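Undergrad: So the number in our numbering is just where the residue sits in the sequence shown, counting from 1, plus 2. Here a beta-carbon is modelled for each residue, glycine too, at the ideal position from N, C-alpha and C. Predicted model, so just to flag it, every value in this text is computed and none were measured. Take a look at this one; I'll ask things after.
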Amino acid sequence: MRKRKKGNAGKSSVSFKETVQLSLRGFRVWWGENPELLLSVLICGVVCALTPYVDIWLLARLVDEIAGERDSHLLTVYVLALMSTSGVLSLLCAGLTRWKNVQLACLWHTQNNMFMKKLLSMDFADMDDGHVQELRSRIWQNTDSGGWGLYKLIYSFEAIISSVMSMISAILLTASLFILPVTAGNGRLMILNHPVFILLIIALMFAVTFVAPLLSVKAGSYWVKYADENQLGNRLFGFWLGSLGNDRAKALDVRIYRQDVLSRSNLKKYNPFIPTSKLAKAARGPMGGYQALSGAVSQIFVGVAYIFVALKALGGAFGVGRVVQYVSAIIALSGGLSMLIETLGDLRNNTSFLRTVFEFLDMPNKMEQGDMSVSQNGDMEYDFERRAHSNYESGSTLAGKGYNIEFRNVSFKYPGQEDYALRNVSMTFHAGQRLAVVGTNGSGKTTFIKLLCRLYDPAEGEILLNGIDIRKYNYHEYMQLFSVVFQDFKLLSFELGQNVAGSMNVDSDKAVQCLRKAGFGIRLDKLTHGLSTVIYKEFDGEGVDISGGEAQKIALARALYKDAPFIILDEPTAALDPIAEFEVYSSMNQMIGEKSAVFISHRLSSCRFCHDIVVFHEGRVVQRGSHDALVSDESGMYYRLWNAQAQYYEVKDL
Ligand code: ADP
C-alpha cells in the first residue's frame, strides 16, 4: 500500500476568523436540519449548570448559621429552601437532560441523512470523481475516529454553554472573596487586603487557568496531526470488520486466496490503536506529557486558591460557610474556564475538518443549470403528464413526431484522466430509429450512452435534442426521456412490483404486462405473493432469491414500465452466451414498439438485426451502416471484428 498524500486541510494554518465563520456556518446547518437539537442543548445546559451554584449558596448560608447565631427559624428556612430548590432543579435538569439526550441520539442519523441527500443530488460526474469519494470517506472517518467535523460543534456548544454558565455563577459567588477584608490586628495577614496583592493573586490564578487548557489543547492537536494515519487505519478496520467477512461476493476469494490474512497484515501495519502506532507513541510521549502537565497546573491553581481562602478566613474576613462557598466556586470557576479554553482549542482544531465537510456540501450542481422544458420544444409531443398516467396497453404516449438527437464533434475525458474516452464523435439519431452500437471493450460505447443520458457533459462539442443543446433543458425532464438497462444494473431488496415501478405506487396491470413481455411471466405465475414478493433476503427472510437471468428480465421490465421514448440496452446480457444475447436483443426489438432504441454490445452478432449499426473504435465512430454493408467492406473494422468473433458462434445459429 502506497503512502497516501496528506488528506486533511489541517496542515495549513487556521485563522481565528475562519474558525468563527466555519463554526457559525456549521451551527446554521444544524439549526436548518434540527432546531430542537440546539434548543435542547442550550436550555438543558443553562438549567443544569446553574443547579449546583444555587445549592452551594444555600449550603454556605446554612453552615454560616450553624457556626454562628443558630437561629432555628432561619435554619429551617435554609434547610427547606435547600431541599426544595435542589429537588426541583434536579428534577428539571433530569427531564431536560433526557430531552437533550434523545436529540443527541439522532445526531448520527441526522448527519448521515444530510450527507446522503447531498450524495443523491450531486452531479453523477462528481459522484464518480475520485476526489469526491476521498472527501466523503474523510468526513466519515473524521467523525468516526474523533467526532470531528459537524459532530464536534454540538458537543462544543454543550461545553461552551456549561462552562460560561459555570463561570458566571462562580464569579458571582467568589466576588466577595476579594472584597471582604481581613480584620484589623491580624499582623502580616493584613497584606491580603492590599489591592496590589489582590491583583497579583487574580493574575496568578488567571495565568495558571489559561496555561492548563492550552497544554491540553496542545495534547489534542496530536489527533489532528495523525488524522490521516488514523483514517487509514480506521478504514482498514471498517473493511476488515464490515466488508471482508460479511460480503457474500467476496466470500469465495477470501477463502481461496486467504485475503483475510492479507487484510489482517495490512490492518496490523496501519492500525492506530496498537502500542506501536504513531498515535500510541505520541500518547506515551509528548501528547501524554502535555496532558499530564495540564493536570498538574490545574492543581496548582486549586492549591493557590485554597491557601488564599484559608489565610483570609484565618484573618477573620469571613466564616466557615463562606469558606465552603469560595472553595466550591473557585474549583468551578477553574473548571469552567479550563473547559471553555479547551473547547475553543477544540473548535480551532476542528476548523480543518469543517473545511472538508463544506468542500463536500458546497459542490455545485453544474448539470442543473438549464431550465427549458423538454415539452417547450415545439417539435416534440412527449406528454409528461399523460405518460405518468398512461395505460400501457394503449401503446406509447409518443405522438408521431419525436426526438432527434445529434452528436456534434463530441469529445470527452473522464475526470482526472489524460486520455479521451470519446474523440470527435458526430452522428445523428432520429425518432423511432433502432441503432446498434458495437465495438470492442473500452471503445467508448458506454461513454457514448452516458453522455447521451447527460450523466456527463462533453468536454468539447455539443449534443443537440431537436436542434437545441441538451444542457439548456431542465435536467430532470431530460432524464425522463431515457430508460437504460446498464450492464451492472441493480435491483433492490424490495417488492417485485416496486422494483418494476420504481415507486411504492405500482400500476399492477402495467407491471404484470411488462414482466410478461420481458419473459418473466412463467416465474411470476409461480410466485405465491406475485408482485408483492420481496426479492433477495436483505430485509425480509422470506424474500426470494432470483437468478442472474431472472434479474435481467426484471430489469428489462422496469425499463419497459418507465415507458420513456428512448430505450437503451447497454450489454445487460453480457453474462449470457452470444446466441442467447442475440435472442434477448431481437425479442426486445419486437417489444419496444415504436420507441427509439439503442442496443449496445461488444459482440457484433447480437446486433445484426439492426439496420443501422455504428462501430466504435478507440473512442471514435469508425463505420456506420447495415450488417450486410459493413460485413462486405473487407478493409473495415467491422469485417475484422466479425471474422475474429465468428469462431465463437455456431454457423447454423448465425
Ligand atoms: P465500452 O463501453 O466500449 O467497453 P467505455 O465507454 O466503458 O467502453 O470506456 C471507454 C474508455 O473510458 C476506456 O478506456 C475506459 O477505461 C475508460 N473509462 C470508462 N469509465 C471510466 C471511468 N469511470 N473513469 C475513468 N475512465 C473510464
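Given that a residue counts as buried once 16 or more other Cβ atoms are within 10 Å of its Cβ, and exposed if not, what is R6?
TA: For R6, the predicted structure reports a pLDDT of 47, less than 50, and the residue's modelled location is therefore unreliable. A value from the coordinates is still provided. Exposed, since its Cβ has fewer than 16 Cβ neighbours within 10 Å.
Undergrad: Just checking T448 against the ligand ADP - is the residue's beta carbon closer than 7 Å to any of the ligand's heavy atoms?
TA: Flag set: Cβ of T448 near the ligand ADP.
Undergrad: Can the beta-carbon of R456 be found closer than 8 Å to that of I472?
TA: Cβ distance < 8 Å, so R456 and I472 count as in contact.
Undergrad: Please classify S396: does DSSP put it in a helix, a strand, or coil?
TA: Unreliable placement is indicated for S396, whose pLDDT of 37 sits below 50; no coordinate value is reported for it.
Undergrad: Check T535 in the structure and name its three-state DSSP category.
TA: It is coil, neither helix nor strand.
Undergrad: Under three-state DSSP, which class holds M429?
TA: M429 falls in the strand class under three-state DSSP.
Undergrad: I'd like to confirm something about D130: is its beta-carbon nearer than 7 Å to some heavy atom of the ligand GDP, or not?
TA: What this structure holds is the ligand ADP, not the ligand GDP.
Undergrad: Where does A599 sit, in a helix, a strand or coil, going by DSSP?
TA: Reduced to three states, the DSSP call for A599 is strand.
Undergrad: Does the region 193 to 201 come within contact of the region 244 to 253, defined as at least 3 CB pairs closer than 8 Å?
TA: No, they do not touch.
Undergrad: Does the beta carbon of N443 fall short of 7 Å from some heavy atom of the ligand ADP?
TA: Yes - the ligand ADP has a heavy atom lying nearer than 7 Å to the Cβ of N443.
Undergrad: Kindly examine the ligand ADP and report whether one of its heavy atoms sits closer than 7 Å to the Cβ of A423.
TA: Yes, since a heavy atom of the ligand ADP falls inside the 7 Å radius drawn around the Cβ of A423.
Undergrad: Using 8 Å as the threshold, is the region 207 to 222 in touch with the region 296 to 303, meaning 3 or more CB pairs across them?
TA: Yes: the two stretches touch, three or more of their Cβ pairs being nearer than 8 Å.
Undergrad: In whole angstroms, what is the alpha-carbon distance linking Q113 and E361?
TA: Their backbone Cα atoms lie some 15 Å apart in a straight line.
Undergrad: To which residues of the same chain is V586 closer than 6 Å at the C-beta, ignoring the five residues directly before and after it?
TA: Around V586: T575.
Undergrad: Take every Cβ of the region 607 to 627, pair it with every Cβ of the region 435 to 445, and state whether three or more of those distances are shorter than 8 Å.
TA: At 8 Å Cβ cutoff, the stretches touch.
Undergrad: Taking 7 Å as the cut-off, is the CB of F541 close to at least one heavy atom of the ligand ADP?
TA: Answer for F541: no, Cβ out of range of the ligand ADP.
Undergrad: Taking its Cβ as the centre, do 16 or more other Cβ atoms sit within 10 Å of E161, making it buried, or is it exposed?
TA: For the record, residue 161 in the displayed sequence is Ala; it is not Glu. A161 comes out buried.
Undergrad: Check whether the region 20 to 38 touches the region 364 to 372, counting contact only when three or more Cβ pairs, one atom from each stretch, lie closer than 8 Å.
TA: Touching, no.
Undergrad: Run the CB neighbour count on T358, radius 10 Å, all protein chains shown included, and call it buried at 16 or more, exposed below.
TA: Buried: at least 16 other Cβ atoms inside 10 Å.
Undergrad: Which whole runs of the beta strand (DSSP E) in the region 422 to 469 are 3 residues long or more, in chain order?
TA: Within the region 422 to 469, the complete beta strand (DSSP E) runs of at least 3 residues are 424 to 431, 436 to 440 and 462 to 467.
Undergrad: So, for Y394: in the same chain, excluding its five sequence neighbours on each side, which residues have a beta-carbon less than 6 Å away from its beta-carbon?
TA: In this prediction, Y394 scores a pLDDT of 39, lower than 50, which makes its location untrustworthy; the coordinate-derived value is nonetheless stated afterwards. Hits under 6 Å: K512 and Q515.
Undergrad: Which runs of the beta strand (DSSP E), 3 residues or longer, sit entirely within the region 18 to 60?
TA: Correct list: empty.
Undergrad: Have a look at the DSSP bridge pairing and note the partners of M116.
TA: Paired residue(s): none; M116 is not in a bridge.
Undergrad: Take E408 as the anchor and find which of G463, Q293, I537 and A423 has the nearest alpha-carbon.
TA: The option with the nearest alpha carbon to E408 is G463.
Undergrad: Verify whether the separation of the beta carbon atoms of G47 and I163 is less than 8 Å.
TA: Contact: yes.
Undergrad: Span of the alpha helix (DSSP H) holding G627?
TA: Not the alpha helix (DSSP H): G627 falls in the beta strand (DSSP E), residues R622 to G627.
Undergrad: So with Cβ pairs under 8 Å, would you call L346 a contact of chain B?
TA: Considering every chain present, this structure includes no chain B. It has just one protein chain.
Undergrad: With distances taken between CB atoms, is the gap from G621 to R425 smaller than 8 Å?
TA: Yes. Within cutoff.
Undergrad: Confirm, please, whether the CB-CB distance from V56 to L91 is below 8 Å.
TA: Yes; because the gap between Cβ atoms is below 8 Å, this pair is in contact.
Undergrad: Which residues mark the beginning and the end of the alpha helix (DSSP H) in which L179 is found?
TA: Run containing L179: L152 to I181, per the alpha helix (DSSP H) assignment.
Undergrad: Please go through the region 510 to 580 and give each complete alpha helix (DSSP H) segment of 4 or more residues, from N-terminal end onward.
TA: Listed in chain order, they are 510 to 519, 523 to 528 and 550 to 564.
Undergrad: Starting from N236, follow the alpha helix (DSSP H) in both directions and report where the run begins and ends.
TA: First-last of the alpha helix (DSSP H) with N236: A229 to G240.
Undergrad: By how many angstroms is the C-alpha of I204 removed from the C-alpha of S354?
TA: Whole-angstrom Cα-Cα distance: 35 Å.
Undergrad: Please state whether DSSP places V502 in a helix, a strand or coil.
TA: Helix.
Undergrad: Give every residue of the same chain whose Cβ lies closer than 7 Å to the Cβ of G222, excluding the five residues on either side of it in the sequence, and list them in chain order.
TA: Correct list, in chain order: G347, D348 and N351.
Undergrad: Pull up the DSSP beta-bridge partners for H619, would you.
TA: Bridge partners of H619: R622.
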